[in-house]
Amino acid sequence: MNLFRTELVRFWSRRITWVTLGVAAAVMILGVGIGFFRTDAVEPGSAVVEADEFCVASFQQDIDDGFAQLPPGVSEDEYLDMARTQFCVFDQDNDRRFWAVSILGPESSDWSENRRMWESPTGMVTITDRSGRDVEYRESREPLSGLIPGVSIAFLLISVVLGASFMGAEYRSGTVENLLLWEPRRSRVLLTKYVAGFLSSATATALALSFLTGLLLLLARVHGTYEGVDGRFWIDLVLVLFRASIAGGLMFVMAMGIATIFKHTTAAVGAILGWFVVSNVLVEWLLRFMRQHELVINAAAFVGEGEPFRYVEGMWGQQVVYHHGYLAAGVYVLIWAAVPAIIALVLFNRRDLT
Amino acid sequence: MTASAMTGVPQTPVMEVRGLRKEFKGRSGRIVAIDNLDISIPGAGVYGFLGPNGSGKTTTIRCLLGLIQPTSGSVELLGTDTSKGLHHVIDRIGALVETPKFFPTFSGRKNLRMFGGVVGLGDEAVEKSLATVGLAERGEDTFSSYSLGMKQRLAVAATLLKDPQLIILDEPANGLDPAGIVEIRRLIRSLAAEGRTVFVSSHQLGEVQQTCDNVMIISKGRLIQSGPVSDLVMLGSQKLRLETEPGQTDEAVVLISNAGMAVHAEGGNRISVEAGADDASGLNRLLAESGIWLRSLHVDESSLESIFLELTGQEGEL
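Line by line, the protein sequences are chains A and P.
For the record, in the first sequence the residue sitting at position 119 is 119 according to this note's numbering, with numbers rising by one throughout.
For the record, in the second sequence the residue sitting at position 5 is 1005 according to this note's numbering, with numbers rising by one throughout.
Written out as structure tokens, the structure is:
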């Protein structure tokens, strides 16, 4: 427990932790500030009414066109009721409304026979693409909770940098050797670091995203509306933050493991961020067969409650079909983090410190 | 102070190293850094560990502390086999290995709190250690802002944090100014006086000679000599250096030579004689009886340095 406490103190005493969180907070304040100046307050109820009309019309159109699928046991009216606006702000420059019909609606272009029926905790569906074409001056946007998962990807990258630095700095300054003069059981040392790092990084991610959420909710208060927001919205929002925090912690541990393997911060950061950069190209081109297993895709799916899909040969060439759900995506992220962490543990136990 | 340290006589040997061997993989094959090394330290005192660069001193210390896995051999510290139970005794061992290693952006005080916290030590122990090494007033400065000497002092403070029974110091005087070296020397002696065991490696032979009770000399990974410093010094040759009145030197050389002693005229009325301190008065009498009066006569003992150089075959800086 002493070692665990020491590692927690170290994480929260590091300059890079606070500098990173400070920069992130500044960027968030700037972004939301820009949002404030680009939006106007809305008349109570008007935004909801307009958005509702638009949303319902869009869904009606989808149903009429045969694009929308009704969940089993749900009538058309019930389905349309699900599409009520819950959150909106008005964009004065572009004269369009940012609105949200759900907080966790899965987007999928899976129209195969094996497609997954629309499901989400709210039972609602986010529409993003078609509405923009159908309506000239309105464009549906990611809801608040869709923005949070998007931003959380950036925090996963930050977790990578912090995790790699947390361990790499130990090798750079030689303190890992000094630490073993106080606690020579190496497995205990590294596992404690993993646990402390996971919890600290998850907490940091939660704090940062909560800060952003607070700013956005404040923006919604002054230039938007909470009409239609119910308890489910808040619960799901908290769940998004929770999953983002877990993902942040796992990325931290993965980066720690790789930094331990390389004994170097930059090598670990380069390896992971390099993968982030090239992975999309690889899984969409050279390694399509492993798309559904890829780290970034699963991390994004886990946080945003998405559904990684895989490619299959269909009637019109390659089509995509749902592969697994967001919880399974979380397991994939866990495996991605665990593999380097375990390899690092083995090496850490065997290596001479010279 | 630990109970054992208070009594001054530990129940078990402080350090027992048997057949220690360490090989490293090199580009040209396996490199033997330590070869069948035996060390035995029965109790309290200051034990010097001498060897030229690359002789295996630091590798040995790393093996002692579990930082390096020995290829073969056994290490027992404070009666515990370190390959299995180092964690049982680590809180009674303070160690400084090579350069001081701390978090550069943390203050000296915070660094000590961090490491002390691992074994549950509080602020009191930290402040005591800082005061012991004279860093109390600079404790809030970041480690990176410290001079090399201050860093070294902080490392020594860290070794003292645990109030250890066994202290292992690898080149503790590195980077210290003369005053700092004197302080470290006093500190080491005072630690030994408290009943602790100090195992100190150094290439500063003079320091070892002044500080240590016993010394082990290692070369190319092998222990080549060990024992009390005084005994080692006696191993070397002793000389009597004489200076005669002008014009009497040649006569003195003949007399001494006839007395069966090896003698060398060194020029300028100076003579050296291969003899020890016990022979000095007899030699003086011999010359005086022949009317040769000496301007000076002194015993020239070999230094540990010269012994060391003789044993290891090293020349120049170590």
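Just so you know, even glycine gets a beta-carbon here, dropped at the ideal spot from N, CA and C.
Own chain, CB closer than 6 Å to S1272 of chain P, minus 5 neighbours either side, in chain order
As a position in the second sequence, residue 1272 of chain P is number 272, starting the count at 1. Excluding positions up to five away in sequence, the list reads K1239, R1241, H1264 and E1266.
Which residue comes first and which comes last in the alpha helix (DSSP H) that contains M28 of chain A?
Counting from one through the first sequence, the residue named residue 28 of chain A turns up at place 28. M28 of chain A -> alpha helix (DSSP H) spans R15 to F37.
Sort P:G1085, P:L1161 and P:S1129 by Cα distance to V1118 of chain P and report the nearest one.
As a working note, residue 1118 of chain P is residue 118 in the second sequence. The shortest CA-to-CA distance from V1118 of chain P to any of P:G1085, P:L1161 and P:S1129 is the one to P:L1161.
For G1048 of chain P and D1213 of chain P, the rounded distance between their alpha carbons
Numbered from its first residue, the second sequence carries residue 1213 of chain P at position 213. Numbered from its first residue, the second sequence carries residue 1048 of chain P at position 48. Going from the Cα of D1213 of chain P to the Cα of G1048 of chain P covers about 8 Å.
Here's a check: name, in chain order, each residue in its chain whose Cβ is nearer than 7 Å to the Cβ of H1191 of chain P, leaving out the five neighbours to either side.
Within the second sequence, residue 1191 of chain P is the residue found at index 191, counting from 1. Checking the sequence, you will find Leu at residue 1191 of chain P rather than His. Answer for L1191 of chain P: I1167 and V1198, listed in chain order.
The segment 1156-1170 of chain P: positions lying closer than 7 Å to chain A by Cβ
From the segment 1156-1170 of chain P, no residue has a Cβ closer than 7 Å to chain A.
Is it the case that the CB of V240 of chain A approaches a heavy atom of the ligand MN more closely than 6 Å?
With respect to small molecules bound, the structure shown includes none, and the ligand MN cannot be examined in it.
For N178 of chain A and chain P, any beta-carbon pair shorter than 7 Å?
Against the first sequence, residue 178 of chain A aligns to sequence position 178. Yes, N178 of chain A counts as interfacial toward chain P.
Would K1101 of chain P count as contacting chain A if we go by Cβ distances under 7 Å?
In the second sequence, counting from the first residue as 1, residue 1101 of chain P sits at position 101. With a threshold of 7 Å between beta carbons, K1101 of chain P makes contact with chain A.
Using the Cα positions of S1201 of chain P and L1169 of chain P, report the straight-line distance between them to the nearest angstrom.
If you number the second sequence from 1, residue 1201 of chain P lands on position 201. If you number the second sequence from 1, residue 1169 of chain P lands on position 169. Our two residues, S1201 of chain P and L1169 of chain P, have alpha carbons roughly 6 Å apart in a direct line.
If we count the other Cβ atoms within 10 Å of its Cβ and call it buried at 16 or more, is N178 of chain A buried or exposed?
Counted from its first residue, the first sequence places residue 178 of chain A at position 178. In this structure N178 of chain A is buried. Its beta-carbon is surrounded by 16 or more other beta-carbon atoms within 10 angstroms.
Every unbroken beta strand (DSSP E) within the segment 1006-1070 of chain P, with a cutoff of 3 residues, ordered by chain:
Every beta strand (DSSP E) of 3 residues or more that sits fully in the segment 1006-1070 of chain P is shown, in chain order, as 1015-1026, 1029-1041 and 1045-1050.
Through-space distance from G197 of chain A to L162 of chain A, alpha-carbon basis:
For this step, residue 162 of chain A is matched to residue 162 along the first sequence. For this step, residue 197 of chain A is matched to residue 197 along the first sequence. C-alpha of L162 of chain A to C-alpha of G197 of chain A: approximately 9 Å in a straight line.
Using a C-beta to C-beta distance shorter than 9 Å, which residues of chain A count as neighbours of F1332 of chain P?
Given a span of 1001 to 1318 for chain P in the structure shown, any question on residue 1332 of chain P remains unanswerable.
Check whether the segment 1146-1158 of chain P and the segment 1118-1137 of chain P touch, using three or more Cβ-Cβ pairs below 8 Å as the test.
A contact exists between the segment 1146-1158 of chain P and the segment 1118-1137 of chain P.
So, is D95 of chain A buried or exposed, given that buried needs 16 or more other C-beta atoms within 10 angstroms?
By 1-based counting over the first sequence, the position of residue 95 of chain A is 95. Note on D95 of chain A: pLDDT 36, under 50, position unreliable in the model; the coordinate value appears next. Exposed is the call here.
Pull up the CB-CB distance for T1105 of chain P and S1129 of chain P, whole angstroms please, since I reckon it's below 8 Å.
Looking up residue 1105 of chain P in the second sequence gives position 105. Looking up residue 1129 of chain P in the second sequence gives position 129. So it is not a contact: roughly 21 Å between Cβ atoms.
Measuring only the C-alpha atoms, how far is G105 of chain A from L1065 of chain P?
What you label residue 105 of chain A is simply residue 105 of the first sequence in a count that begins at 1. What you label residue 1065 of chain P is simply residue 65 of the second sequence in a count that begins at 1. At G105 of chain A the pLDDT is 34, less than 50, meaning the model places this residue with poor confidence and gives no usable figure here.
Cβ contact check for the segment 1024-1044 of chain P and the segment 1089-1103 of chain P: 3 or more pairs under 8 Å
They do not touch, by the three-pair rule.
Is the number of C-beta pairs between the segment 245-254 of chain A and the segment 147-163 of chain A that are closer than 8 Å three or more?
With a cut-off of 8 Å, the segment 147-163 of chain A and the segment 245-254 of chain A count as touching, because enough Cβ pairs lie within range.
Opposite G1227 of chain P in the DSSP bridges: which residues?
In the second sequence, counting from the first residue as 1, residue 1227 of chain P sits at position 227. DSSP lists P:V1215 as the bridge partner or partners of G1227 of chain P.
For the alpha helix (DSSP H) that H1088 of chain P lies in, which residues bound it at each end?
Walking along the second sequence from the start, residue 1088 of chain P turns up at place 88. Its alpha helix (DSSP H) spans residues T1082 to V1089.
Let's see if you can read the secondary structure: which residues bound the beta strand (DSSP E) around G1243 of chain P?
Taking the second sequence and counting its residues from 1, one reaches residue 1243 of chain P at position 243. In the sequence under discussion, the amino acid at residue 1243 of chain P is Glu, which differs from the Gly named in the question. Unbroken beta strand (DSSP E) run through E1243 of chain P: K1239 to T1244.
I1068 of chain P CB to nearest chain A CB: under 7 Å?
Position 68 of the second sequence, counted from the first residue, corresponds to residue 1068 of chain P. Against chain A, the CB of I1068 of chain P has a partner CB under 7 Å away; the residue lies at that interface.
Counting beta carbon pairs with one atom in the segment 174-192 of chain A and one in the segment 280-289 of chain A, are three or more of them shorter than 8 Å?
These segments do not touch.
Which residues share a DSSP beta bridge with L1142 of chain P?
For the purposes of this step, residue 1142 of chain P is identified with residue 142 of the second sequence, where counting begins at 1. For the sequence presented, residue 1142 of chain P should be read as Thr rather than Leu. As DSSP reads the structure, T1142 of chain P sits in a beta bridge with P:S1107.
Cβ closer than 7 Å: which chain A residues qualify as neighbours of L1065 of chain P?
Along the second sequence, one-based indexing puts residue 1065 of chain P at 65. Within chain A, the C-beta atoms nearer than 7 Å to that of L1065 of chain P come from L181, in chain order.
For D129 of chain A and V23 of chain A, I'd like the C-alpha separation in whole angstroms.
For the purposes of this step, residue 129 of chain A is identified with residue 129 of the first sequence, where counting begins at 1. For the purposes of this step, residue 23 of chain A is identified with residue 23 of the first sequence, where counting begins at 1. With a pLDDT of 28 at D129 of chain A, under the threshold of 50, the modelled position of that residue is not reliable, and the figure given next carries that caveat. Looking at the two C-alpha atoms, the distance is approximately 33 Å.
Since A1125 of chain P meets chain A, which of its residues come closer than 8 Å, beta carbon to beta carbon?
The sequence position of residue 1125 of chain P within the second sequence is 125, counting from 1. Going along chain A, no residue has its Cβ under 8 Å from A1125 of chain P, so there is no contact; the nearest lies around 13 Å.
Beta carbon of L1311 of chain P, beta carbon of I1188 of chain P: below 7 Å?
Mapped onto the second sequence, residue 1311 of chain P falls at position 311. Mapped onto the second sequence, residue 1188 of chain P falls at position 188. No. Outside cutoff.
Alpha carbon to alpha carbon, how far is H323 of chain A from M251 of chain A?
For this step, residue 323 of chain A is matched to residue 323 along the first sequence. For this step, residue 251 of chain A is matched to residue 251 along the first sequence. Spanning the two alpha carbons is a distance of roughly 23 Å.
Strictly under 7 Å for the Cβ-Cβ distance: is R291 of chain A near chain P by that measure?
Reading the first sequence from its first residue, position 291 is the one you call residue 291 of chain A. Chain P places no beta carbon closer than 7 Å to that of R291 of chain A, leaving this residue out of the contacts.
Please classify S1040 of chain P as buried or exposed, where buried requires at least 16 other C-beta atoms within 10 Å of its C-beta.
To locate residue 1040 of chain P, count along the second sequence from 1; it is residue 40. For S1040 of chain P, the number of other beta carbons within 10 angstroms of its own is below 16, and it is reported as exposed.
D236 of chain A at chain P interface by Cβ criterion, 7 Å:
Residue mapping note: residue 236 of chain A aligns to position 236 of the first sequence, counting from 1. With 7 Å as the cut-off, D236 of chain A does not count as an interface residue toward chain P.
Can you check which of these residues, P:L1148, P:E1127 and P:I1068, is closest to E1140 of chain P by C-alpha distance?
As a working note, residue 1140 of chain P is residue 140 in the second sequence. Per the Cα distances, P:E1127.
What residues of chain B sit near S13 of chain A, judged by a beta carbon separation below 9 Å?
Among the chains of the structure shown, chain B does not appear; the protein chains present are A and P.
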